[in-house]
Every structure is written in structure tokens, then in C-alpha cells.
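Read the structure below first, then the notes.
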Amino acid sequence: MARLGMVIDTRKCVGCMDCVVACQTENGVPQGHNRDWIRYEYQGRFPTLRLEIRSERCNHCDHPPCVSCCPTGASHVHPFGAVVLVDAKECIGCKACLASCPYDARFIHPEGYADKCTLCVHRVEQGQEPACVAVCPTRCMYFGDLDDPQSEVSRLLASRPHRSLLPEAGTGPRIFYLE
Amino acid sequence: MIEIVSTRHNPLIDPGLSVWGWEIPAYLFLGGWVAGILVLSGFLLATGRHARRSCVCFGMPLVGLVLLSAGMLALFLDLEHKLFTWRLYVTFEPWSPMSWGAWILLLVYPVLVASALMRPPRLLMDLVPGVRRLSGRLGGNAAVVRAIGVAGMASGTALGIYTGILLSALGARPLWSSAVLGPLFLASGLSSGAAFAHMVARDREESEAMARADNAFLLGEVALIALFLVGLSGAGEAHAMAAGLFLGGPFTAVFWTLVVGLGIVMPLLIQSLAVSHRIAHTAIAPALVLLGGLALRFVIVYAGQYSHWPRG
Chain Z
41 MARLGMVIDT RKCVGCMDCV VACQTENGVP QGHNRDWIRY EYQGRFPTLR
91 LEIRSERCNH CDHPPCVSCC PTGASHVHPF GAVVLVDAKE CIGCKACLAS
141 CPYDARFIHP EGYADKCTLC VHRVEQGQEP ACVAVCPTRC MYFGDLDDPQ
191 SEVSRLLASR PHRSLLPEAG TGPRIFYLE
Chain Y
-12 MIEIVSTRHN PLIDPGLSVW GWEIPAYLFL GGWVAGILVL SGFLLATGRH
38 ARRSCVCFGM PLVGLVLLSA GMLALFLDLE HKLFTWRLYV TFEPWSPMSW
88 GAWILLLVYP VLVASALMRP PRLLMDLVPG VRRLSGRLGG NAAVVRAIGV
138 AGMASGTALG IYTGILLSAL GARPLWSSAV LGPLFLASGL SSGAAFAHMV
188 ARDREESEAM ARADNAFLLG EVALIALFLV GLSGAGEAHA MAAGLFLGGP
238 FTAVFWTLVV GLGIVMPLLI QSLAVSHRIA HTAIAPALVL LGGLALRFVI
288 VYAGQYSHWP RG
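If you read the protein sequences in the order shown, they are chains Z and Y. Convert by adding 40 to the 1-based position in the first sequence; the result is the number in this note's numbering. For the second sequence, position 212 (counting from the first letter as 1) is numbered 199 according to this note's numbering, and the numbering increases by one without interruption.
As C-alpha cells, this is what we get:
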């Protein structure tokens, strides 16, 4: 089984928010909600400042706490690419998954169920890239199978320094950031 | 220095997690209280201490039914996708404490009903003749009474621990990430049950016994709170920061004043004086214990949502 993930080059990302708009358009994300977002992180003191811009979303963790805490099985790991998904028709809106996510990547859809990034699995199953990856004007986002050593994402991770977010939370995030 | 700007603005998530309002702490408190009622009533039934006519073990399960129903109503009000609530009962998810809780609640109801049937109120027996017959059959068989008592103790313990495990399984909130929360909530629930029994017992001897039991539970709570804070403080940066919320942080005053001061220390002092016959037994100490139990759930739920992993 593939283990889909993303690699994002923070040196190329300019924070244009195209990925955010593409996600909202592709997935009909309700106004006032975000499945992905931009985070600007300023470090240091003037004049030695460092800025990192990151496109963030659900990390589709290897050990997703949102799945294990779900009382109905609505949160599940999809057989295709081990993507973490929510079945709206099984979700009772208890919000345990929202509280269990160290990245705060989930939200409650106005219709009442938990919602989040799906890695555009409906597109990927058709052989396309996720919408956010497809529209990125600087091509800073890479998508593929982390278990395939020949995939672009695996080769980038093998050749460039990188990190994931909050690895100490122990969830095994599968979105990586090149530094 | 680090300055972070995020374009995310999800309701209940940003700027800080606030997914659970008053409903969940109220439910956890009522669930814990019912757990205490079940364990104590069960103990009195299982050990044959229910011989006296006015034993609290007969009336408390009825109150427990009302309290648990109120708690489940609060839980239902918290759900965002209410029409799909039935989904809880078409599956069992062994890794989800909430799934365990849903099934435990289903087990607790019949045990509460069976305990209440030991000696139901006269009005109910007059209205429904079958109740008198059933009560006679159940209460007349010592083995059945003992079995109901044991079932009450077991299901009450499970319910009390589950209310804490529900939170402690959510490791993304460092304050909740402690195995002590289960025993702490159980001790608080037992204390609430004992305080209530102390307040309503008509028999003086039984009232005193319940006050003594409550003192023991309150002391246990103090020890567990100490373990909770010591454990978090030594468990790394994120958890130490979470413990700091009660040790100088924004929840310090409310935690030490309402939960520990008024909810534990004060009633412990009053009840110690009462059981040594220096002052009369009043409803003040039990009322403080119940308020302290409610404050504990509110403070832990709200502070837990405030706590988070430090992020760069």
C-alpha cells in the first residue's frame, strides 16, 4: 500500500495563498473555514531576521490520534495511500478528533461533521495531483509515495535537509518541509 | 524572538482551541457523581449494610437516574451532528474511550434501575403494581441483592475512571496527557457520591460513616492532584508548561481557590470536626464538595484546551 505524503520547499513558498484558494474551490470548503492555510514565522531580532513561510494542512499522520479516539469509526485511514479521512455520515460531531490533533488541522463543517484536508484523494485516484500542489505558481509543493524510494518526494527527503512539524507529539506526520 | 502569523481562522479552533463549552464539564461531573452513587450504593447492598429501613442505597440510585439523564442530555447538546448519534451504538471502537463510555453508560442504566428497585418509592409502587412484585422478588433474594451491589460497584468504577480517561487519551493537550486523570476523576466522583449520601442520610450513624468515607476520598484526591502536577512537571517542556497553568499560570487562582481550597480543604476540615463531634453535621461541607467537583471538571476541561505543544 502506498503511503502518500507531501514535501514543501519553504525556500520557494512565497505565501501567495493560491493553495488555500484552490483547496476551497476544489473541495467546496465553506466560507470562514480552512482545510489548508499559510503560516508566516519570523525569527530573530532586526536586522538579523529570518522568515519562513509554510503551507500547512492535516499531516495525515502514520499514527493518527484523530482516528484512534473516534467513537464511531468515522475518522479512518483510507486504503488508498493511507490517507486520513472522515466519513461525514458516520461522524456525530463529538469533537474529540479536533481536541486530539496537535496541529489543530480539523474543524467542524457548518453541517455538523468534522472536516479536514483529504489530500484531494478523489483527484489522486484519477491520477491527478492534489489541487493545492497543482496550482502552486512556484512549484514549491511535491506529492507522492513516501514508501517508494524512486518517488520525487523520497528523493527530495534523501537529498535535502528537512523537518516535520511537532515530531515530538509522536503522531508520525507525513508532511515534510525542506529547509 | 518568534512571531507567528497564521491565515487560518477556523471557528472553535482559532485563536485558541475551544471545542468544548459547559456541556462536557457538566457531563463529566454528573457522570462522576453517579459513579460515586453507584459504587457506594453497591457497596452497601453487596455487604449487607442495607438492613436499616432508611438506608441511602435505596433512594440514591433513583437520584442517580435523574443525574445521569441530565448528564447525557448535556452530552447530546454538545454533539454537532446530532442526527447521527445512533452511530455510537452500531460499532465498538476499542481504542476510543468515548466508545467505551457510550457502552458503559448503556450498562449503567439497568444497574441503576435494579438498585432503585430494591425499595422503590411508595408512590411508584401504588401507580405501577408490577413494580411492587418485581421489587419483592429482587429484594427477597440475598444472592440477587449481592449481585446487584457488585454490578453497581463495577459499573460505577468503570464510569468514574472513564470520565477521566476520556480526556487523558487526547495527547495533543499536554495537561490531559496524564494517566492520573482517571483515578482523580474517580476519587472526585466517589467524594461527590459520599458527600451527597452524607447530606441526605436520615440515619445519624450512616451519615457519619459517609462523612468519614468522604474525608478519605478527599484525602485521596489531594494525593492524586499532587501526583498529577508532579508527573506533568517532570514530563518534558510541553507538560511542564501545562502544569504551569496551575502553578503561577492563568488558571492558578481558580484551581487553588475553588477546586482545592473550597472544594477539598474546607469540607475536609468541617467534616473532620463534625465526625469528631466538635460541630454539628450540616449541608455546608457536602455542598462545597459537590461544587468543588464541578469546578474540577470545568478547570481541567478549560485549562486542557488552553494547553498545547509549543510550536515554532
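From the three backbone atoms N, C-alpha and C, an ideal C-beta is built for every residue, glycine too.
Does DSSP classify residue i as helix, strand or coil?
i                     : result
residue 207 (chain Y) : helix
residue 161 (chain Z) : helix
residue 216 (chain Z) : strand
residue 53 (chain Y)  : helix
residue 41 (chain Y)  : coil
residue 120 (chain Y) : helix
residue 194 (chain Z) : helix
residue -4 (chain Y)  : coil
residue -10 (chain Y) : strand
residue 281 (chain Y) : helix
residue 36 (chain Y)  : coil
residue 204 (chain Z) : strand
residue 66 (chain Y)  : coil
residue 125 (chain Z) : strand
residue 79 (chain Y)  : coil
residue 293 (chain Y) : helix
residue 29 (chain Y)  : helix
Could you please give me the residues that DSSP links to residue i through a beta bridge?
i                     : result
residue 184 (chain Z) : Z:45
residue 154 (chain Z) : Z:148
residue 15 (chain Y)  : Beta-bridge pairing links residue 15 (chain Y) to no other residue.
Does the Cβ-Cβ distance between residue i and residue j come in under 8 Å?
i                     : j                     : result
residue 148 (chain Z) : residue 139 (chain Z) : no
residue 206 (chain Y) : residue 132 (chain Y) : no
residue 95 (chain Y)  : residue 157 (chain Y) : no
residue 161 (chain Z) : residue 123 (chain Z) : yes
residue -4 (chain Y)  : residue 160 (chain Y) : no
residue 152 (chain Z) : residue 68 (chain Y)  : yes
residue 75 (chain Z)  : residue 56 (chain Z)  : no
residue 30 (chain Z)  : residue 47 (chain Z)  : As shown, chain Z starts at 41 and ends at 219. That puts residue 30 (chain Z) outside it, with no answer to give.
residue 136 (chain Y) : residue 167 (chain Y) : no
residue 108 (chain Z) : residue 82 (chain Y)  : yes
residue 101 (chain Z) : residue 213 (chain Z) : yes
residue 272 (chain Y) : residue 211 (chain Y) : no
residue -6 (chain Y)  : residue 78 (chain Z)  : yes
residue 211 (chain Z) : residue 103 (chain Z) : yes
residue 134 (chain Z) : residue 66 (chain Y)  : yes
residue 24 (chain Y)  : residue 48 (chain Y)  : yes
residue 107 (chain Y) : residue 98 (chain Y)  : no
residue 20 (chain Y)  : residue 143 (chain Y) : no
task: Identify every run of the beta strand (DSSP E) within the region 41 to 123 of chain Z, keeping only runs that are complete inside it and at least 3 residues long; order them along the chain.
output: Entirely contained in the region 41 to 123 of chain Z, the beta strand (DSSP E) runs reaching 3 residues are, in chain order, 44 to 49, 76 to 85, 88 to 97, 115 to 117.
message: Using a Cβ-Cβ cutoff of 7 Å, what residues of the region 46 to 70 of chain Y are near chain Z? List them in chain order.
response: 66, 67, 68
message: Suppose only complete runs of 4+ residues qualify. What are the alpha helix (DSSP H) ranges in the region 216 to 269 of chain Y, listed by chain order?
response: Positions of the alpha helix (DSSP H) runs, each at least 4 residues long and wholly inside the region 216 to 269 of chain Y, are given as 224 to 231, 253 to 262 in order along the chain.
field: Selection of the region 58 to 86 of chain Z by Cβ proximity to chain Y, strictly under 8 Å
entry: 60, 72, 73, 74, 77, 78, 79, 80, 81, 82, 83, 84, 85
query: In the region 133 to 144 of chain Z, which residues sit with their C-beta less than 9 Å from some C-beta in chain Y, listed in chain order?
result: 133, 134, 135, 136, 138, 139, 140, 141, 142, 143, 144
message: If we require 4 or more residues per run, which alpha helix (DSSP H) segments fall completely within the region 88 to 119 of chain Y?
response: 109 to 114
field: Residues, ordered as in the chain, of the region 158 to 176 of chain Y that lie near chain Z by beta-carbon distance below 7 Å
entry: 158, 159, 160
- request: Taking only beta carbons into account, state which residues of the region 109 to 123 of chain Z come closer than 9 Å to chain Y, listed in chain order.
  value: 109, 110, 111, 112, 113, 114
- prompt: Which runs of the alpha helix (DSSP H) fall wholly inside the region 117 to 196 of chain Y and span at least 4 residues, in chain order?
  reply: 129 to 155, 168 to 187
- prompt: Between the region -4 to 13 of chain Y and chain Z, which residues of the former have CB atoms less than 8 Å from a CB of the latter, in chain order?
  reply: -4, -3, -2, -1, 0, 1, 4, 6, 7
field: Contact list for the region 148 to 166 of chain Z against chain Y, Cβ threshold 7 Å
entry: Those residues of the region 148 to 166 of chain Z that come within reach of chain Y (Cβ to Cβ, closer than 7 Å) are 148, 152, 153.
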